[in-house]
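Undergrad:
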Amino acid sequence: MAAPDPGAAPPRFAIRPWRPDDEAGVAALALRLTVGLPPWRDPLPWAAAAQGWVRTWAARASSADDQAVFVATAADGRCVGFVDVAARRHFTGAEEAYVGELVVAEDVEGQGLGSRLLSEAERWAHQRGLGMIALDASMGSARARALYRRRGFAEESVRLVKMLPPGPRPGE
Ligand SMILES: CC(C)(COP(=O)(O)OP(=O)(O)OC[C@H]1O[C@@H](n2cnc3c(N)ncnc32)[C@H](O)[C@@H]1OP(=O)(O)O)[C@@H](O)C(=O)NCCC(=O)NCCS
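For the sequence shown, our numbering assigns the number 0 to the initial residue and increments by one for each residue that follows.
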C-alpha cells in the first residue's frame with residue numbers, strides 16, 4: 000500500500016456515523032430519493048416514505064447494532080450525503096447486507112462521494128462477516144446504476160410493472 004502523501008489536500012468531505020442532530024439534514028437529503036422515479040410513481044408518497052425511514056433510524060439509532068447510517072459532511076458541517084445499511088436475511092436464509100438508501104447532495108455530485116459512502120457500507124458489512132451486499136435501484140436512475148456497475152454490483156433481477164385499466168370501485 001502506498002504511504003499517505005503528507006502534502007496531499009485533506010478530503011473535502013468527512014464521513015462519520017449518524018448522530019441524532021443529523022436528522023433534519025438527512026431528512027432533507029432523503030427527498031432526493033425521488034430522482035429517477037418512473038412517471039407512473041407519484042413522488043409525494045415516495046418522499047413521505049423516505050422521511051418516515053429517516054425517523055425510524057433516528058428512533059433506533061442508539062440501540063440497533065444490525066444497522067448503520069453514515070453521514071457525509073462538508074467543511075462547514077452541512078450534511079451532503081448519507082448511506083444506510085442493515086443486516087437482513089434473504090428468502091433463501093442467507094444473511095446479507097442491504098443498502099436501503101444512498102444519497103449525495105446535487106451540488107456535490109460527481110466528486111466520488113457516492114462511491115466513498117458505498118465503500119463505508121461495504122466496510123461495515125465486511126466487518127460483520129457478511130459475504131454479500133445488495134440494493135435496489137430505479138431503472139430511471141442512470142447515474143446511480145452507473146455508479147453501482149463501476150463498483151462491481153451485478154444486476155440480479157428486474158421488476159416489471161404494467162398499468163391496468165381502472166376497475167370497479169369497491170361497493171359498485
Ligand atoms: C447516485 C448518487 C448517490 C451518486 O453520487 P455521486 O457522489 O455523484 O457519485 P460518484 O461521484 O461517486 O460517482 C458518480 C458516477 O456516476 C456516473 N455518472 C456521472 N455523471 C453521470 C450522468 N450524468 N449520467 C449517468 N452517469 C453519470 C459515473 O459513473 C460516475 O463515476 P465516474 O465519473 O467517477 O466514473 C447521487 O447522484 C444521488 O444522490 N442521486 C439521487 C439519489 C439516488 O438516485 N440514489 C440512489 C438510489 S438507488
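Glycine included, each C-beta is placed from N, C-alpha and C at the ideal position.
Could you tell me whether the segment 45-52 touches the segment 137-156, where touching means 3 or more Cβ pairs closer than 8 angstroms?
TA: These segments do not touch.
Undergrad: Could you have a look at D20 and say whether DSSP puts it in helix, strand or coil?
TA: If DSSP states are grouped into helix, strand and coil, D20 belongs with the helices.
Undergrad: Would you give the residue range spanned by the beta strand (DSSP E) that Q66 belongs to?
TA: Start and end: Q66 to T72.
Undergrad: Would you say V102 and L28 are within 8 angstroms of each other, going by their C-beta atoms?
TA: Against a cut-off of 8 angstroms, the Cβ pair of L28 and V102 comes out as a contact.
Undergrad: Grab the span of the beta strand (DSSP E) containing E94 for me, first residue to last.
TA: Unbroken beta strand (DSSP E) run through E94: E94 to V103.
Undergrad: In this structure, how does DSSP classify L36 when only helix, strand and coil are distinguished?
TA: Here L36 sits in coil by DSSP.
Undergrad: Are the segment 108-127 and the segment 72-86 touching by the rule of at least three beta carbon pairs closer than 8 angstroms?
TA: Taking 8 angstroms as the limit for Cβ pairs, the verdict is that the segment 72-86 does touch the segment 108-127.
Undergrad: Closest by CA to A133, which one among R77, D20, D64 and A96?
TA: Minimum Cα distance to A133 is reached at A96.
Undergrad: Report the CB separation of R127 from A86 in whole angstroms; it is logged as a contact under 8 angstroms.
TA: Indeed, because the Cβ distance is near 6 angstroms, the residues count as touching under 8 angstroms.
Undergrad: Applying the criterion that 16 or more other CB atoms from any shown protein chain within 10 Å of the CB defines a buried residue, is M0 buried or exposed?
TA: Only weak support is given to the placement of M0: the predicted model assigns it a pLDDT of 45, under 50, and the question is left unresolved by the model.
Undergrad: Could you tell me the boundaries of the alpha helix (DSSP H) in which G113 lies?
TA: Start and end: L112 to Q126.
Undergrad: Would you report the Cα separation of L129 and R88, rounded to the nearest angstrom?
TA: Using only the alpha carbons, I get a separation of about 11 angstroms.
Undergrad: Using only alpha-carbon positions, find the residue among G35, A57 and P10 that is nearest to E22.
TA: That would be A57, whose Cα lies nearest to the Cα of E22.
Undergrad: Anyone know if the C-beta pair for L112 and A145 falls short of 8 angstroms?
TA: No, the Cβ-Cβ distance between L112 and A145 is not below 8 angstroms.
Undergrad: Going by the beta-carbon positions, is the gap between G35 and G166 smaller than 8 angstroms?
TA: No, they are not a contact pair.
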